[in-house]
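Asks: Number 206 in the UniProt record's numbering belongs to position 206 of the sequence shown; there are no gaps in the numbering. Don't be surprised by glycine CBs; every beta carbon is placed ideally from N, CA and C.
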Amino acid sequence: MSILALGLNHKTAPVEIREKVTFGPDIIAGALRSLQENPAVKETVILSTCNRTEVYCILNEEDHEPLADWISRFHGLPSDRVMPYLYSHFGLDAVKHLLRVSCGLDSLVLGEPQILGQVKAAYQTATDTGTTGKLLYKLFQHAFSAAKQIRTDTNIGNSPVSVAFAAVSLAKQIFSDLSEQTALLIGAGETVELAARHLSQNGIGRIIVANRTVERAHQLAAQFEGYAIALTEISNHLAEADIVISSTASPLPVLGKGTVESALKERKHRPIFMVDIAVPRDIEPEVADLSDIYLYTVDDMDEVIQENMRSREEAAEQAEEIIEHYVDDYMGWLRSLDAVELIQDYRGCAEQLRDEVMQKALQQLAKGKSPEEAIRFIAHTLTNKLLHTPSTQMRQAGFNGQIELLEAANTLFQIKKTDNKT
């Protein structure tokens, strides 16, 4: 049995690859069930965000190639289109990887908090689908506990650094005074909400929220005295926007080149700053070719983010130490499962011997033996049967010079007498 973490992320794959292997909310349950049909897979969780797609599995054997092929097949892609970007971690390395991911140490933005919520949601989806068990339950609970302790005991979350924060910081560089600007936020998820919060704190003039579910857009817009529209209304309001930040779960672009061209004409070519945080992308890449459009994707945010994360590096070192503790604890628990099985087998053998000896003692009583004789028979027989195999093995260990085995037996059975002198 082996623990596997298999996937790709912003470090190993460009956005045009990542967007092709995402598992959206509408397909992830089916993907989990499909993966569970593999006889090698005992438990599984799929984590899919704009910056990573990862599969966590408990396997019967240490072989990730069938699962790598499954990722390609599921998305209808040639294997050689995906394989070069994949990484795999087994055992202790897989455990450490999940903990680092959950704590934000493997994120585009060091220490960003949103990933923990995404990991929790991924685990909950897998649990609801029925693809998790005891081993992944314990592993993910360790990841959640480690993340909580790191947030409490280090300063890794004190600096407001995230993709949303980076987008707003870049907007401030382009428009020095945000109070005169209008921001159009497409989507109503956690990242967009965070962007709205940063914009509000920086004095944005007006906020428009566009979302597939207008009610959710109203809820978000109301927090920042903005107003809500449906996605289908974007073309009617795009010309009002100086800043566009988009992050939806749409499998297809929600903003095309033609719509943007029309908006620019209406604006008399006043520039628009756009940030497409979504994967798959919400804004057609060709929009970047238009004059007066400044379009950035999540990959473009990296340089901006680096300037805001120096204060987190020392905290990250402390976080790594905390993670090591949780990794050791989980691996120790995992190893203890072998001992539990051994103990159960040993107890089973002992109980079988007990029943056999007890049955013989009862037969002796039925034939007229005294209770004292029956008790002596039980004590003598059980002692001989229970000690026969350990005694034989220790004698052989002494003959072979296996001192470490004898020392282990001494620790296990506490054989040596203690000195009773006072």
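#1: Have a look at the DSSP bridge pairing and note the partners of CYS57.
#2: Whose C-alpha, out of LEU135, GLN114, VAL41 and PHE23, is nearest the C-alpha of LEU334?
#3: Roughly how many angstroms separate the alpha carbons of THR259 and SER235, rounded to a whole number?
#4: Return helix, strand or coil for VAL279, following the three-state DSSP convention.
#5: Can you give me the start and stop residues for the beta strand (DSSP E) that ILE229 sits inside?
#6: Just to confirm, are ALA228 and HIS218 a CB contact at a threshold of 7 Å?
#7: Can you give me the Cβ contacts of LEU252 inside the same chain, cut-off strictly under 8 Å, excluding the 5 residues immediately before and after it?
#8: Can you tell me the Cβ-Cβ gap for ASN202 and VAL163, rounded? I've got them flagged as a contact below 8 Å.
#9: Touch check for the region 106-124 and the region 48-61: three-plus C-beta pairs under 8 Å?
#10: Return the bridge partner residues of MET274 from the DSSP annotation.
#11: Taking 6 Å as the limit between beta carbons, can you name the residues of its chain near HIS89, skipping five residues before and five after?
#12: With distances taken from CA atoms, which of ALA316, VAL298, ILE378 and LEU386 is nearest LEU99?
#13: Over what stretch of residues does the alpha helix (DSSP H) that includes TYR326 continue unbroken?
#14: ASN420 to LEU405, Cα distance in whole Å?
#15: Rounded C-beta distance between ASP276 and SER246? I'm assuming under 8 Å.
#16: Can you tell me where the alpha helix (DSSP H) with ARG395 in it begins and where it stops?
#17: What did DSSP end up calling ALA183 once you bin it into helix, strand or coil?
#18: Hey, is the region 338-355 in contact with the region 376-390, meaning 3+ C-beta pairs nearer than 8 Å?
#19: Count the other CB atoms, across all protein chains shown, that sit within 10 Å of the CB of THR392; report buried if there are 16 or more and exposed otherwise.
#20: Output the distance between the C-alpha atoms of ILE243 and LEU108, rounded to the nearest integer angstrom.
#21: Confirm, please, whether the CB-CB distance from TYR123 to VAL45 is below 7 Å.
#22: Is ARG18 helix, strand or coil when you go by DSSP?
#23: So what does DSSP say about HIS269, is it helix, strand or coil?
#24: Smallest Cα separation from ALA221: which of HIS237, ALA249, LEU185 and SER250?
#25: Please state whether DSSP places HIS89 in a helix, a strand or coil.
#26: List the whole-angstrom C-beta distance separating GLU43 from CYS57, where the pair is believed to meet the contact cut-off of C-beta under 8 Å.
#27: Tell me the DSSP secondary structure of ASN202 in three-state form.
#28: Starting from ILE150 and walking both ways along the alpha helix (DSSP H), at which residues does that stretch end?
#29: With 16 as the cutoff for other CB atoms within 10 Å, does HIS198 come out buried or exposed?
Replies: Reading from the atomic positions:
#1: Here residue 57 is taken as the residue at index 57 of the sequence shown, counted from 1. The partner list for CYS57 (beta bridge, DSSP) reads LEU4 and THR44.
#2: Counting from one through the sequence shown, the residue named residue 334 turns up at place 334. Here the closest residue by C-alpha is LEU135.
#3: Working through the sequence shown from its first residue, we reach residue 259 at position 259. Working through the sequence shown from its first residue, we reach residue 235 at position 235. Each residue's alpha carbon lies about 6 Å from the other.
#4: In the sequence shown, the residue the question calls residue 279 occupies position 279. VAL279: coil per DSSP, three-state reduction.
#5: On the sequence shown, position 229 is the one that residue 229 refers to. Residues 227-230.
#6: On the sequence shown, position 228 is the one that residue 228 refers to. On the sequence shown, position 218 is the one that residue 218 refers to. Cβ atoms of ALA228 and HIS218: closer than 7 Å.
#7: As a first step, residue 252 must be located in the sequence shown, where it is residue number 252. Within its own chain, the residues whose Cβ lies closer than 8 Å to the Cβ of LEU252, once the five positions on either side in sequence are excluded, are PRO280, listed in chain order.
#8: Within the sequence shown, the letter at position 202 stands for residue 202. Within the sequence shown, the letter at position 163 stands for residue 163. Incorrect: roughly 16 Å between the Cβ atoms, too far for contact.
#9: yes
#10: One-based indexing of the sequence shown puts residue 274 at position 274. Its beta-bridge partners are VAL244 and LEU295.
#11: Within the sequence shown, numbered from 1, the residue matching residue 89 stands at position 89. Cβ within range, chain order: ALA5 and HIS97.
#12: Counting from 1 along the sequence shown, the entry for residue 99 is found at position 99. Nearest of ALA316, VAL298, ILE378 and LEU386 to LEU99, Cα basis: ALA316.
#13: Within the sequence shown, numbered from 1, the residue matching residue 326 stands at position 326. TYR326 -> alpha helix (DSSP H) spans 313-366.
#14: If you number the sequence shown from 1, residue 420 lands on position 420. If you number the sequence shown from 1, residue 405 lands on position 405. Its pLDDT being 48, under 50, ASN420 is placed unreliably by the model, and nothing is read from it.
#15: Along the sequence shown, one-based indexing puts residue 276 at 276. Along the sequence shown, one-based indexing puts residue 246 at 246. Contact holds; Cβ gap of about 5 Å.
#16: Taking the sequence shown and counting its residues from 1, the one referred to as residue 395 is at position 395. Residues 371-400.
#17: Taking the sequence shown and counting its residues from 1, one reaches residue 183 at position 183. Reduced to three states, the DSSP call for ALA183 is strand.
#18: yes
#19: Here residue 392 is taken as the residue at index 392 of the sequence shown, counted from 1. Exposed: under 16 other Cβ atoms inside 10 Å.
#20: In the sequence shown, the residue the question calls residue 243 occupies position 243. In the sequence shown, the residue the question calls residue 108 occupies position 108. Between ILE243 and LEU108, the C-alpha separation is close to 22 Å.
#21: Residue numbering aside, residue 45 sits at position 45 when the sequence shown is read from its first letter. Residue numbering aside, residue 123 sits at position 123 when the sequence shown is read from its first letter. Cβ distance < 7 Å, so VAL45 and TYR123 count as in contact.
#22: In the sequence shown, counting from the first residue as 1, residue 18 sits at position 18. Of the three classes helix, strand and coil, the one that applies to ARG18 here is helix, per DSSP.
#23: Looking up residue 269 in the sequence shown gives position 269. Coil at HIS269, not helix or strand.
#24: Counted from its first residue, the sequence shown places residue 221 at position 221. With distances taken between Cα atoms, ALA221 lies closest to LEU185.
#25: On the sequence shown, residue 89 is found 89 positions in, with the first residue counted as 1. DSSP places HIS89 in strand when its eight states are reduced to three.
#26: Position 43 of the sequence shown holds residue 43. Position 57 of the sequence shown holds residue 57. Confirmed, about 7 Å.
#27: Residue mapping note: residue 202 aligns to position 202 of the sequence shown, counting from 1. Coil, per DSSP.
#28: Working through the sequence shown from its first residue, we reach residue 150 at position 150. Element bounds for ILE150: 134-153.
#29: In the sequence shown, the residue the question calls residue 198 occupies position 198. It counts as buried.
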